[in-house]
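*Asks:* Residues 1 to 260, numbered by UniProt numbering, are exactly what the sequence shown covers, in order. My structure is below; once you've seen it, I'll send some questions.
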Amino acid sequence: MDHARDCYYGLLFCQVVVGISMGCNRGKASPDTNTQRRLFAASGGYCQNPGCNEPLFVEVDAQKVSIAEMAHIFAAEDDGPRANPDFTAEERGKFANLILLCANCHTVIDKAPESFPDNIIKEWKSDHEAKIAAVFGSVSYDNRSDARRAFLVLTARTKSIHRRIGPDNEYKWNAEADEAAEWRHHVQQTIIPTNRAILTLLDRNQDLLLGSEIETVELFRQHVEGLERRHIFGTPLPSAPMYPEEMKRLFEVEVCDERS
1 MDHARDCYYG LLFCQVVVGI SMGCNRGKAS PDTNTQRRLF AASGGYCQNP GCNEPLFVEV
61 DAQKVSIAEM AHIFAAEDDG PRANPDFTAE ERGKFANLIL LCANCHTVID KAPESFPDNI
121 IKEWKSDHEA KIAAVFGSVS YDNRSDARRA FLVLTARTKS IHRRIGPDNE YKWNAEADEA
181 AEWRHHVQQT IIPTNRAILT LLDRNQDLLL GSEIETVELF RQHVEGLERR HIFGTPLPSA
241 PMYPEEMKRL FEVEVCDERS
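In structure tokens, the structure reads:
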């Protein structure tokens with residue numbers, strides 16, 4: 001999973017963009033939309049079986065095809081694999097009772113439930129989530145100078161893309177331009193995941209921010225959510241703010257006792 005940092009959010013958001021079906025229609029035992037998104041976030045776009053770890057999207061004729069399936073740890077039905085009759089239908093569709101696997105691993109664990117009891121599958125899931133957290137974990141810094149250096153590394157990534165191919169360029173009046181398609185690709189694959197990494201960095205180092213900077217961060221958070229709604233979920237937020245200009249000055253000046 002060395003390349004998870006580069007692929008994680010791209011794979012996660014691809015799931016929403018292409019509208020994949022994961023074959024889970026079990027009534028009240030079916031996970032809701034938020035649970036599905038949480039599962040993809042926890043998987044990082046990879047099968048959660050540690051003996052597999054295959055990408056949940058494969059390239060076929062220049063298209064991303066999903067092989068992801070949501071598997072119940074305790075069966076969705078009383079006569080299913082690893083059934084637990086004490087679980088309600090709602091509990092069976094909760095995040096805690098689900099794991100994201102490739103189609104092959106899902107079939108294997110359900111065809112041989114005695115070889116794959118619930119404790120083993122739960123361990124797969126928790127270990128996988130720990131790996132993802134380690135990849136995306138952000139550091140808490142001791143001073144504003146170090147925090148700013150980390151901040152600038154992340155923002156440089158998005159700035160270079162925006163400068164080269166952003167919607168402020170000449171093609172902006174032509175939605176069918178090749179540049180427009182490339183921009184949408186970079187938003188989904190790089191800008192949105194990087195924005196989330198920036199927010200993680202800022203949240204982990206909030207104690208180094210001035211009061212006015214905290215307000216800027218919250219505006220940026222709303223901007224990020226608006227960008228995700230537009231480019232990932234296809235439901236634009238008309239009131240979403242533009243990228244705050246004040247972001248470029250975060251952590252800029254070393255302060256002593258002037259924080260508010």
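Each residue gets a CB set at the ideal place from its N, CA and C atoms; glycine is no exception. Treat the numbers as computed from the prediction; the structure is a model and nothing was measured.
1. Which one or two residues does DSSP pair with residue 58 in a beta bridge?
2. Express the C-alpha separation of residue 110 and residue 82 in angstroms, rounding to a whole number.
3. I'd like the span of the beta strand (DSSP E) that includes residue 105, first residue to last.
4. Please identify the residue among 117, 225 and 31 whose C-alpha is closest to the C-alpha of residue 234.
5. Please state whether DSSP places residue 22 in a helix, a strand or coil.
6. With DSSP run on the structure shown, which of helix, strand or coil describes residue 99?
7. Opposite residue 71 in the DSSP bridges: which residues?
8. Nearest to residue 221 by alpha carbon, out of 97, 49, 30 and 197?
9. Straight-line CA distance for residue 32 to residue 252?
10. Under a Cβ-count criterion, where at least 16 other Cβ atoms within 10 Å of its own Cβ denotes burial, should residue 206 be classed as buried or exposed?
11. Assuming the contact rule is C-beta atoms closer than 8 Å, residue 42 and residue 120 should be a hit. Round their C-beta distance to whole Å, please.
12. For residue 171, which three-state DSSP category applies?
*Replies:* Taking the coordinates as given:
1. 65
2. 8 Å
3. First-last for residue 105: 103 to 111, but that is the alpha helix (DSSP H), not the beta strand (DSSP E).
4. 225
5. Low per-residue confidence applies at residue 22: pLDDT is 48, beneath 50, and the placement is therefore not dependable, though the value from the model is reported in the following sentence. If DSSP states are grouped into helix, strand and coil, residue 22 belongs with coil.
6. strand
7. 99
8. 197
9. 42 Å
10. exposed
11. Not really, about 17 Å apart at Cβ, beyond 8 Å.
12. helix
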